[in-house]
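Each residue of the sequence shown is one higher than the last, beginning at 22 in the working numbering.
Even glycine gets a Cβ: it sits at the ideal position worked out from N, Cα and C.
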Amino acid sequence: MKPVIIISTYPNKKSISKIANELVKNKTVACVNISKISSIYSWKGKIENSSEYLAIFKTINKNKTKLKKKIKETHPYDVPEIAEIDVTSIDKSYLKWLVESTN
Numbered sequence: 022m023k024p025v026i027i028i029s030t031y032p033n034k035k036s037i038s039k040i041a042n043e044l045v046k047n048k049t050v051a052c053v054n055i056s057k058i059s060s061i062y063s064w065k066g067k068i069e070n071s072s073e074y075l076a077i078f079k080t081i082n083k084n085k086t087k088l089k090k091k092i093k094e095t096h097p098y099d100v101p102e103i104a105e106i107d108v109t110s111i112d113k114s115y116l117k118w119l120v121e122s123t124n
């Protein structure tokens, strides 16, 4: 099984916590790391400085399409970030846990 990491940003902890709990419960993901960050970006012609929450979704290849679809359907932003990180190396014991947690 190939591991997959998907990242996204959310406007507040409540919006990511609900979906993260659902995804772990139904085994779409093994884990979601959530961290408060500061973001500086251009939006509608203005430079924005805001606090956001970075979500790091950890899953396996067979679940990535379902995960991306769920993020898109439930995300509060008009244009959500859904970025896939290619995992070329991972600890074997961690990969074993990841596979077990998503099957």
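Counting only the same chain and skipping the five closest in sequence on each side, list residues whose C-beta sits under 7 Å from that of residue i.
i, result
"Ser16", "Any answer about residue 16 is impossible in this case: the structure gives the chain only from 22 up to 124."
"Ala41", "Val53, Ile55, Ala76"
"Tyr62", "Glu69"
Below 8 Å between beta carbons: does that hold for residue i and residue j?
i, j, result
"Leu44", "Leu88", "yes"
"Ile106", "Ile26", "yes"
"Val53", "Ile77", "yes"
"Pro24", "Val108", "yes"
"Ser36", "Pro97", "yes"
Tell me, please, which residues DSSP counts as bridged to residue i.
i, result
"Ala76", "Ser29, Ile55"
"Glu94", "None, per the DSSP bridge assignment."
"Glu102", "Note: Glu102 sits in no beta bridge, so no partner."
Who are the near neighbours of residue i in its chain, counting only those whose CB is closer than 6 Å to its CB and skipping five residues on each side?
i, result
"Ser122", "Ala51"
_Any contact between the segment 77-87 and the segment 49-56? By contact I mean 3 or more CB pairs, one from each, below 8 Å._
The segment 77-87, when compared against the segment 49-56, does touch it at the 8 Å Cβ threshold.
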